[in-house]
Structures are given as C-alpha cells and as structure tokens.
Amino acid sequence: MGRPYWGRGFATEAMRAMIAYGRDELCLSCIWAGHCAGNLASRRVHAACFGALDRY
103 MGRPYWGRGF ATEAMRAMIA YGRDELCLSC IWAGHCAGNL ASRRVHAACF GALDRY
C-alpha cells in the first residue's frame, strides 16, 4: 500500500474482515496471525485486531 494510505485504518479494516470471514463463512475455530518483529505498523494492526486475547 502506498504511503498516502498509511495510518488510515485500511489494513486494520482488511484484517478484521478476513477474521470475520474465516470465523463466519469458513467456520474456523482458530485463526493465527503474526507480524515481522521490526514492523511496528503491522504490530499495531495485529494488536488492534487480536489484542491480548488470541480467541479467533
């Protein structure tokens, strides 16, 4: 994604949509996601979607 779109919540929205699709449409009982340790933006997206609870 280009810099003009960074920090606008698009990645968080996309990840939440993927989680919902996996849970609701594919009936997944577990969804695993990770991020590269040095990528702080991805870390924030991961925290926003999964928080402290890895329940999806």
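Residue numbers for the sequence shown follow the working numbering, so the first one is 103 and each next one is one higher.
Every residue, glycine too, gets a C-beta built ideally from N, C-alpha and C.
Bear in mind the structure is a predicted one, so any value in this text is a computation, not a measurement.
Practice item. Can you say whether residue 139 is buried or exposed, counting buried as having 16 or more other CB atoms within 10 angstroms of its CB? Key: That one is exposed.
**Study point:** Neighbourhood of residue 144 by C-beta distance below 6 Å, restricted to the same chain and skipping five residues each side
**Key:** So the qualifying residues of the chain are 137.
Check your understanding: Should residue 116 go down as buried or exposed, given a rule of 16 or more other Cβ atoms within 10 Å for buried?
Key -> The residue in question, residue 116, is exposed, as its Cβ has fewer than 16 Cβ neighbours within 10 Å.
**Study point:** Outcome for residue 157 when other beta-carbon atoms lying within 10 angstroms are tallied against a minimum of 16
**Key:** In this prediction, residue 157 scores a pLDDT of 49, lower than 50, which makes its location untrustworthy; the coordinate-derived value is nonetheless stated afterwards. With fewer than 16 Cβ atoms within 10 Å of its Cβ, residue 157 is classed as exposed.
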